[in-house]
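In the numbering used here, the protein residues as written are 4 to 147. Taking it in order: structure first as structure tokens, then the write-up.
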């Protein structure tokens, strides 16, 4: 039996590996193909870069070629995905704190007084806002 993967992106028999994705499929399918030849060092470099981008090697080469030609969008890196996750978590946290603060203001306006958890909600909102600010700075620097 061969140790080669049956499908690009799947680990070979006996190997453990992360699942990788193809680039976006289209219907009707693409009809043109290019053959690219690499030496061992070059193909290892392309495969490593593809793995970092979460793409198959052929999908990575296609995406990189289209991106450099101006006809495509650059693939997201794991750092981009981590930043996106941070922004989404921050957005969710800020939404929750907004609800809590709205309830606190409603209680204050009704004459009941400040809820016991108001200081915790305000400090949590400040922390979430700081995380959003940090992620925004990282994104601003990355985009230039």
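Note that beta-carbon positions come from the ideal geometry of N, C-alpha and C, so glycine has one too. These numbers come from a predicted model, not from an experiment.
When the distance is taken between beta carbons, is residue 131 closer than 7 Å to residue 118?
no
Cβ separation of residue 58 and residue 70, assumed to be a contact under 8 Å, to the nearest whole Å
Not really, about 12 Å apart at Cβ, beyond 8 Å.
Taking its Cβ as the centre, do 16 or more other Cβ atoms sit within 10 Å of residue 2, making it buried, or is it exposed?
Because the chain here runs from 4 to 147, residue 2 falls outside it and cannot be looked at.
Can you tell me which of the three DSSP states residue 58 falls into?
strand
Going by the CB atoms, is the gap between residue 36 and residue 50 shorter than 7 Å?
no
Let's test the definition: count the other Cβ atoms within 10 Å of the Cβ of residue 47 and tell me whether it reaches 16, buried, or not, exposed.
exposed
Could you tell me the distance, in whole angstroms, from the CA atom of residue 139 to the CA atom of residue 52?
26 Å
Residue 98 beta carbon less than 7 Å from that of residue 135:
no
Please state the DSSP three-state secondary structure of residue 83.
helix
Quick check on DSSP: helix, strand or coil for residue 119?
coil
Where residue 96 and residue 141 are concerned, what is the direct C-alpha to C-alpha distance, given to the nearest angstrom?
19 Å
Mapping the DSSP letters down to three states, classify residue 29 as helix, strand or coil.
coil
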